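A short write-up of the structure that comes next.
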Amino acid sequence: MSPPTRWLDPDEQLAWRAFYTAATQLIDRLDRELQHDAGMPHAYYEILVVLSESPGRTRRMSELAELTRSSRSRLSHAVTKLEARGWVRRRDCDDDKRGQFADLTEVGFAALEAAAPGHVEAVRTHLFDPLTPEQIEQLRKICEAITTSLK
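If you count the sequence shown from 1, position 2 lands on 2 in UniProt numbering, and the numbers rise without skipping.
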């Protein structure tokens, strides 16, 4: 026999719907603005950011997939698109014939540098400007608690 359903109370229902609406609208808005302003979806931007912050601006594809919270097949498709733009170069791993690295090129780093100011301003405008410093701290703590519980 299944345990009884733990239905949401009215406050939880309102909080869930508010969170879901805000999160989906925020991500959609940031993605559309980044696509419009920099010609790339947020998924590509995230790949470029992770590579730019990596030692030597390179990562194993498996690590890159994990760090960008992407499936390996989705990441491989995105890296293929980034390679076509000259932003990323893929190369084989010398000590693991199945492994590959993704390297951020100078052209890719320049694309990231060009996109970053507008994207950071959009994040500030849509996420942080409506909040007080106390709310920003609460948001961080709430997100950390949720992330920890999902691991």
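Cβ coordinates follow ideal geometry from the N, Cα and C atoms, glycine included. These numbers come from a predicted model, not from an experiment.
Item: Relative to the C-alpha of Thr-105, which candidate in Asp-94, Glu-113, His-119 and Arg-89 has its C-alpha closest?; Value: Arg-89
Item: How should Met-1 be labelled, buried or exposed, when 16 other C-beta atoms within 10 angstroms of its C-beta is the threshold for buried?; Value: exposed
Item: So the beta strand (DSSP E) Phe-101 belongs to, where does it begin and stop?; Value: 96-104
Item: Hey, is the stretch 50-57 in contact with the stretch 91-106, meaning 3+ C-beta pairs nearer than 8 Å?; Value: yes
Item: Taking the CB atoms as reference points, tell me whether His-126 and Leu-34 lie closer together than 9 Å.; Value: no
Item: To the nearest whole angstrom, what separates the beta carbons of Leu-82 and Gly-56, a pair I think is in contact under 8 Å?; Value: About 17 Å separates the two Cβ atoms, so there is no contact after all.
Item: Could you check how far apart the C-beta atoms of Ser-71 and Gly-99 are, in whole angstroms? I think they sit under 8 Å.; Value: That belief does not hold up - the Cβ atoms of Ser-71 and Gly-99 are roughly 17 Å apart, past 8 Å.
Item: Quick one, are the C-beta atoms of Ala-38 and Ala-115 less than 9 Å apart?; Value: yes
Item: Going by beta-carbon coordinates alone, are Arg-29 and Ala-145 separated by less than 9 Å?; Value: no
Item: Roughly how many whole angstroms lie between the Cα atoms of Ile-136 and Thr-24?; Value: 18 Å
Item: Thinking Arg-60 and Cys-93 are a contact (beta carbons under 8 Å), I'd like their distance in whole angstroms, please.; Value: 7 Å
Item: By DSSP's criteria, Thr-58 is part of a beta bridge. Which residues make up the other side?; Value: Asp-103
Item: For Ser-73, decide whether its Cβ has a neighbour in chain C, counting only Cβ atoms nearer than 9 Å.; Value: No chain C is part of this structure, which consists of one protein chain only.
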